[in-house]
Amino acid sequence: MTWQLFALGSAFFAGLTAIFGKLGVESMNSNLATLIRTVIILAMTIGIVTFRGEWQLPRSLELRPVAFLVLSGMATGFSWLLYYRALQLAPASMVAPIDKLSVAFAIVLGVVFLGEALTLKLAVGGALILFGVLILAWP
Numbered sequence: 008m009t010w011q012l013f014a015l016g017s018a019f020f021a022g023l024t025a026i027f028g029k030l031g032v033e034s035m036n037s038n039l040a041t042l043i044r045t046v047i048i049l050a051m052t053i054g055i056v057t058f059r060g061e062w063q064l065p066r067s068l069e070l071r072p073v074a075f076l077v078l079s080g081m082a083t084g085f086s087w088l089l090y091y092r093a094l095q096l097a098p099a100s101m102v103a104p105i106d107k108l109s110v111a112f113a114i115v116l117g118v119v120f121l122g123e124a125l126t127l128k129l130a131v132g133g134a135l136i137l138f139g140v141l142i143l144a145w146p
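The sequence shown begins at 8 in our numbering and counts up one residue at a time.
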């Protein structure tokens, strides 16, 4: 399978996340809803790692990659907490497009911090995402 198929699958399930999340926070505190979601993700990931026999740690565990994984986990946690609160306050069809600004943020951050090339194609695509969000999410 190509990376594009994995990314498309990710986008599809992220779309389901908005719908199921909106239905889940209708009568529940958004922070508790995030906790429940996190426990389910943890259980699923443990199951997958166990099923695939991938519990082996690398021979040398360096601090830098682990630190960045910790920061990534923290960023994910903040993202989920804010996302579920936004779903509690607004329609999923309004929250999800704004959440997808993460693509434009990732483009900018990738260029600035990772030294990725900013091509015309990437700049136009990022701008279209930004304009699409502005059209969809603001009156």
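Glycine included, C-beta positions come from ideal geometry on N, C-alpha and C.
Inset, instruction - Using a Cβ-Cβ cut-off of 8 Å, state whether tryptophan 87 counts as contacting chain B. - result: Chain labels in this structure do not include chain B; a single protein chain is all it has.
Legend entry - Same chain only: Cβ atoms within 8 Å of proline 104, ignoring 5 sequence neighbours per side: Gly139, Val140, Leu143 and Ala144
Inset, instruction - Taking only the alpha-carbon atoms, compute the straight-line gap between threonine 41 and alanine 134 and give it to the nearest angstrom. - result: 31 Å
Inset, instruction - Give me the Cβ distance between tyrosine 91 and serine 37, rounded to the nearest whole Å; I'm assuming they're in contact under 8 Å. - result: 4 Å
Inset, instruction - Please classify threonine 9: is it buried, with 16 or more other beta-carbons within 10 angstroms of its beta-carbon, or exposed? - result: Per the 10 Å Cβ criterion, exposed.
Inset, instruction - Could you pull the start and end residues of the alpha helix (DSSP H) that tryptophan 145 belongs to? - result: Per DSSP, tryptophan 145 lies in no alpha helix (DSSP H) segment and is marked neither H nor E.
Legend entry - Backbone CA spacing between alanine 25 and arginine 44 [nearest angstrom]: 12 Å
Legend entry - Proximity test, alanine 103 beta-carbon vs the ligand MG heavy atom, cut-off 7 Å: In terms of ligand content, the structure shown is empty, and the ligand MG therefore cannot be addressed.
Legend entry - Nearest-angstrom Cα separation, counted from valine 115 out to valine 46: 31 Å
Inset, instruction - Return helix, strand or coil for asparagine 38, following the three-state DSSP convention. - result: Helix, per DSSP.
Inset, instruction - State buried or exposed for lysine 107, treating a residue as buried only when at least 16 other CB atoms are found within 10 Å of its CB. - result: buried
Legend entry - Residue range of the unbroken alpha helix (DSSP H) whose run includes leucine 125: Segment: none, leucine 125 is in no alpha helix (DSSP H) and carries neither H nor E.
Inset, instruction - State the start and end residues of the unbroken alpha helix (DSSP H) segment that holds proline 72. - result: Taken as a continuous stretch (DSSP letters only), the alpha helix (DSSP H) holding proline 72 covers 70-96.
Inset, instruction - Give the DSSP-derived three-state secondary structure of threonine 4 in the structure shown. - result: There is no way to answer for residue 4, as the model of the chain reaches only from 8 to 146.
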